[in-house]
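Peer 1: My structure is below; once you've seen it, I'll send some questions.
Protein chains: 4
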Amino acid sequence: MTNTQVTLVQIDNYGPWTVTPEPRREADLQTMQSRLYADISQFVGNRDGYTFFTRFDNMIAVTNGLTMADHELLQESVGNRYPVTLSLGVATGTSPVQALSDATTVVQDAGSAQDEDRRECLEGRTIDDPHRTDDDVQIAHFDVVDATGQYTDELNAFDSFIQIEQGYAELMRHMRHAHDSLSFFVGGDNVIVVCPDLESDDYEEAIGHVETAVDVELQVGVGRGSSAHDAGFAAKHALEVCRADGTRVELA
Amino acid sequence: MTNTQVTLVQIDNYGPWTVTPEPRREADLQTMQSRLYADISQFVGNRDGYTFFTRFDNMIAVTNGLTMADHELLQESVGNRYPVTLSLGVATGTSPVQALSDATTVVQDAGSAQDEDRRECLEGRTIDDPHRTDDDVQIAHFDVVDATGQYTDELNAFDSFIQIEQGYAELMRHMRHAHDSLSFFVGGDNVIVVCPDLESDDYEEAIGHVETAVDVELQVGVGRGSSAHDAGFAAKHALEVCRADGTRVELA
Amino acid sequence: MTNTQVTLVQIDNYGPWTVTPEPRREADLQTMQSRLYADISQFVGNRDGYTFFTRFDNMIAVTNGLTMADHELLQESVGNRYPVTLSLGVATGTSPVQALSDATTVVQDAGSAQDEDRRECLEGRTIDDPHRTDDDVQIAHFDVVDATGQYTDELNAFDSFIQIEQGYAELMRHMRHAHDSLSFFVGGDNVIVVCPDLESDDYEEAIGHVETAVDVELQVGVGRGSSAHDAGFAAKHALEVCRADGTRVELA
Amino acid sequence: MTNTQVTLVQIDNYGPWTVTPEPRREADLQTMQSRLYADISQFVGNRDGYTFFTRFDNMIAVTNGLTMADHELLQESVGNRYPVTLSLGVATGTSPVQALSDATTVVQDAGSAQDEDRRECLEGRTIDDPHRTDDDVQIAHFDVVDATGQYTDELNAFDSFIQIEQGYAELMRHMRHAHDSLSFFVGGDNVIVVCPDLESDDYEEAIGHVETAVDVELQVGVGRGSSAHDAGFAAKHALEVCRADGTRVELA
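Protein sequences, first through last, are from chains A, B, C and D. Number 165 in the working numbering belongs to position 32 of the first sequence; there are no gaps in the numbering. Number 312 in the working numbering belongs to position 179 of the second sequence; there are no gaps in the numbering. Number 360 in the working numbering belongs to position 227 of the third sequence; there are no gaps in the numbering. Number 268 in the working numbering belongs to position 135 of the fourth sequence; there are no gaps in the numbering.
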């Protein structure tokens, strides 16, 4: 059984801030939010977690191995270096979707995303070390078969993007509703999916579904570990096998 | 008539680099590519352009006002500070899609995105100052009506994201095929669209289409200017009017 | 004759901020201030200026080629992305020391560095384009002769640093008082000096003075240009000649 | 007794890289090295260590609490995101100067700072957890008495800097030779000193020495802890007492 620890990272009162006293330069907002994401990705990543930019104002992280004290330090460090602050909700469970749902609830219960008085709340609970296992996290790393040859070098950059985006949109919805999984676009033609206990057949089914629905061919490497990095790293290696052998699904 | 200058920013041979000699830590890749995007966004943005992260390995920028020398400096500066290099294609035209298509072609003609020998190519042409006008760029800034109340504070963070993502995916495809426009998700519930000469009715139609197709309610502010910043800033102010008055389409 | 445009960049009310409500984590302050410096260095640098970190809370830049509008944009962009704001003073003159002194005065006249009510002031004047010449800026780039062989590979890292620091401290004081020049340590064993119209003999004299005073052997390349980058780039090339030929002073 | 763990961070073959194939833009080098420092400061800092930029190409960190695995991860992460790599030497001891000296030796033994073949070496040893104590690190945080009133608001920015720099240069040399301590300028008018077991009298003596030698008045807060952050945070609080009560030396 998996036991995924999920953290919702929400910028406090971000929407109003971006237009107060008047709209701020878009390039500055883009720079600030992508650097904030990069910093969180480093902090969580060098503790073997994964952070996904998602909407940027709401980011989702897999934080197995991080304590509440780590979360508190992240909040403090961001508060010392950025013009915005973070609220964090943490929850765990066998279903990543349920864990995220619980993490969201504790933040929502603390106040609205646009509540001026809700600042730097930190809610929820982490998995204590003694209860962590090598099977806690399952990560699937998908990419598009020969994206460069089929799209990047052939279509204009936006139509390539539409193709990849469509494959992602379809996969994201399907994995969430059919397989209780959270899918995130991570750049290029890569999608990383945080999964419960899924089998090879589930991935075959998902790849088939996406190909039928939007005619985008995917391949996937799947890994398991005590942290997102361990599981994800195994998944990347498995995906290398797909690329080398032309297979569609490889479990580490 | 609009005359949009579009730049395709492509990281040279990025895919192979990310797995050579073996897969690199995902958190490092995420950090590196989002900081690279942030730097490009600052460089282009403080010359009044807009840069969109798109796929991160292929970014798209609206660069009216930037010269080829500016593009060259961006390439040199990135080459001095990152482990990867950039190839740039620049083109202009009354249709943003056609301009991007031309910008893509000049890069593709220089070599494959995964060609080891294609490094830091810079191709294409910019609009000379004497030919620039205050009408060159049209930007539409969309967001979701009451996203916080309807989604962020109600659904779990991933289902909110799916809703917003669906609205974006539908808008992106529709604006590209029905209106020759390039749509980019820029975080939160915001989508910025680079348009040719469109009228109020076109935006009404697009909003109606998205609502019918995926039941997501959008509002939009539209601006015009000699640069992406000028047009986009006017669009942001127009969107503030939508938010204040409850209207759906506002032209600056 | 040189005509150096100098900008004083002062973080508003920084000291009090670092200890309010209680002392902030040192590592966060170090990170924030060095990234702020890096951003200013990029903004000014990709307009061909030089920025020196100096004390970090007070930075000094050579900004020939930057307009007051550029300075305003820098202030706005920093204000949008950092928890602190900047006040800027700009002045010009044949003596870099006098120019900096004037730039400092206009900021001091606007209020104390620790005045809560003095925020984002922008004072002074720049050189209008028609008045700029190819001789406006003179830069001397010094380094220590065989620093790696004599110090870095021989002494412990701190004693190497003390040696280099002593050479810098002596050079800085001497160039300021004997030659109206501003000297800045820029990392490694490099010191960049912003000079008025100085001759080869002046540099010979300065090198002799430092060698006698603290027994540190320096070499220097000197360049001239319409901007700090043009002058500094010529100086770097001249210094390469010293390194290759074993000469002590080279004028581009 | 203190037991300081010191890490020497040396950029591999940096000097040659900065001028290959020809000198790189100074602003890019300044940006790259200050951001690299900022990243190391975050990585070490959020594990309760302190990093000092020192010469930028050779940085010194107090790393009590960091394991060799942490050091390896830092190397890997920097190698994935920067155009340069790091070599690290780690050593421990009751004298910070001796520890740094040992850390330097293991790096020097691995090869010259400008040896093309010495890349990412990691040498030395850390203190095992069971041997760590709450007294391992002693930090003294100095600043200049009323620097703003006496210098920043009175002298031009460079002459203020010269005053502060002179105080620092004198303190650095004295603390190293008289008290086996490592002193680092950290911005503004602040100097952080990594000390062995020193008493109140030692600090009184040092402050007196600097005042006599260069007429700069210092005050100092001193703290002790199991990590640089714990000791340094206590020192910052003690320095606040000096500021409030007008005392010169405060031990936490």
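Yeah, the Cβ is synthetic: ideal placement off N, Cα and C, and Gly gets one too.
Mind pulling the chain D residues with CB within less than 7 Å of residue 176/A?
Peer 2: Correct list: 179.
Peer 1: CB residue 272/A to CB residue 327/A, shorter than 8 Å?
Peer 2: Yes.
Peer 1: Using a C-beta cutoff of 8 Å, does residue 246/D count as contacting chain C?
Peer 2: Closer than 8 Å: yes.
Peer 1: Compare the Cα-Cα distances from residue 376/C to each of 277/D, 148/D and 336/D and report the closest residue.
Peer 2: For residue 376/C, the nearest C-alpha among the options comes from 148/D.
Peer 1: Within this structure, are the beta carbons of residue 276/D and residue 163/D separated by less than 8 Å?
Peer 2: No, they are not a contact pair.
Peer 1: Would you mind sorting residue 159/B into buried or exposed? The rule is 16 or more other CB atoms within 10 Å of its CB.
Peer 2: With 16 or more Cβ atoms within 10 Å of its Cβ, residue 159/B is classed as buried.
Peer 1: Starting from the beta carbon of residue 191/A, find every residue of chain B whose beta carbon is closer than 9 Å, and list them in chain order.
Peer 2: Result: 285, 290, 293, 294 and 321.
Peer 1: Under 8 Å, Cβ to Cβ, is there at least one residue of chain A near residue 206/D?
Peer 2: Yes, residue 206/D counts as interfacial toward chain A.
Peer 1: Where does residue 156/B land, buried or exposed, given buried means 16+ other C-beta within 10 angstroms?
Peer 2: Under this definition residue 156/B is a buried residue.
Peer 1: Using beta-carbon positions only, say whether residue 211/D and residue 218/D come within less than 8 Å of one another.
Peer 2: Cβ distance < 8 Å, so residue 211/D and residue 218/D count as in contact.
Peer 1: Residue ranges of each beta strand (DSSP E) run of no fewer than 3 residues wholly in the segment 157-240 of chain D, ordered along the chain?
Peer 2: Listed in chain order, they are 183-185, 191-195 and 219-226.
Peer 1: For residue 350/B, which three-state DSSP category applies?
Peer 2: Residue 350/B falls in the coil class under three-state DSSP.
Peer 1: Do the CB positions of residue 233/C and residue 288/C come within less than 8 Å of each other?
Peer 2: No, the pair does not count as a contact, with Cβ atoms beyond the cut-off.
Peer 1: For my contact list, residue 367/C and residue 358/C are in at a C-beta cut-off of 8 Å; report their separation, rounded to the angstrom.
Peer 2: Confirmed, about 6 Å.
Peer 1: Just to confirm the assignment, what range does the beta strand (DSSP E) spanning residue 293/C have?
Peer 2: From DSSP, residue 293/C is part of no beta strand (DSSP E) but of the alpha helix (DSSP H) over 290-312.
Peer 1: Within 8 Å of any Cβ in chain B, is that where the Cβ of residue 264/A sits?
Peer 2: No, no contact with chain B.
Peer 1: Nearest-angstrom Cα distance between residue 94/D and residue 313/B?
Peer 2: Outside the displayed span of chain D (134 to 385) sits residue 94/D, for which this structure offers no information.
Peer 1: The beta strand (DSSP E) spanning residue 273/C covers which residue range?
Peer 2: Unbroken beta strand (DSSP E) run through residue 273/C: 270-277.
Peer 1: Got a sec, what are the start and stop residues for the beta strand (DSSP E) residue 254/B sits in?
Peer 2: It is not in any beta strand (DSSP E) - residue 254/B carries neither H nor E in the DSSP assignment.
Peer 1: Counting only Cβ pairs nearer than 9 Å, list the residues of chain C close to residue 210/B.
Peer 2: Ordered by position in chain C, the residues that pass the 9 Å Cβ test against residue 210/B are 175, 178 and 179.
Peer 1: Mind checking if residue 473/B is an interface residue toward chain D, Cβ cutoff 8 Å exclusive?
Peer 2: Residue 473/B is absent from the structure shown; chain B starts at 134 and stops at 385.
Peer 1: Does the distance from the C-beta atom of residue 222/A to that of residue 236/A stay below 8 Å?
Peer 2: Going by C-beta atoms, residue 222/A is nearer than 8 Å to residue 236/A.
Peer 1: Under 8 Å between the Cβ atoms of residue 281/B and residue 247/A?
Peer 2: Contact: yes.
Peer 1: How is the alpha helix (DSSP H) around residue 331/D delimited, first residue to last?
Peer 2: Neither: residue 331/D is in no alpha helix (DSSP H) and is coded neither H nor E.
Peer 1: What are the boundary residues of the beta strand (DSSP E) that residue 383/D is part of?
Peer 2: Counting along the chain, the beta strand (DSSP E) containing residue 383/D begins and ends at 382-384.
Peer 1: Classify residue 198/D: buried if its beta carbon has 16 or more other beta carbons within 10 angstroms, exposed otherwise.
Peer 2: Per the 10 Å Cβ criterion, buried.
Peer 1: In angstroms with no decimal places, state the Cα-to-Cα distance between residue 329/A and residue 227/A.
Peer 2: Near 6 Å, if we compare the C-alpha coordinates of residue 227/A and residue 329/A.
Peer 1: Below 8 Å between beta carbons: does that hold for residue 270/A and residue 195/A?
Peer 2: Taking 8 Å as the Cβ cut-off, residue 270/A and residue 195/A qualify as a contacting pair.
Peer 1: Is residue 170/D near residue 325/D, with beta carbons less than 8 Å apart?
Peer 2: Not a contact, by the Cβ cut-off of 8 Å.
Peer 1: Would DSSP call residue 376/D helix, strand or coil?
Peer 2: It is helical.
Peer 1: Measure the beta-carbon distance from residue 355/D to residue 336/D and round it to whole angstroms, keeping in mind my assumption that it falls under 8 Å.
Peer 2: Contact flag correct, Cβ pair sits at about 7 Å.
Peer 1: Compare the C-beta of residue 312/C against all C-beta atoms of chain D and say whether one is closer than 8 Å.
Peer 2: Chain D, which has no Cβ nearer than 8 Å to the Cβ of residue 312/C, makes this no.
Peer 1: Using the Cβ count rule (16 or more neighbours within 10 Å means buried), how would you classify residue 204/B?
Peer 2: By the 10 Å Cβ count, residue 204/B comes out buried.
Peer 1: Residue 215/D touches chain C at which residues, Cβ-Cβ below 8 Å?
Peer 2: Neighbours of residue 215/D on chain C: none; closest Cβ ~13 Å, over 8 Å.
Peer 1: Does DSSP put residue 283/C in a helix, in a strand, or in coil?
Peer 2: The answer is helix: DSSP assigns residue 283/C an H, G or I state.
Peer 1: Which same chain residues end up closer than 7 Å to residue 384/C when comparing Cβ atoms and leaving out the 5 residues on each side of it in sequence?
Peer 2: For residue 384/C, where only same-chain residues beyond five positions count, the Cβ hits under 7 Å are 333, 355 and 371.
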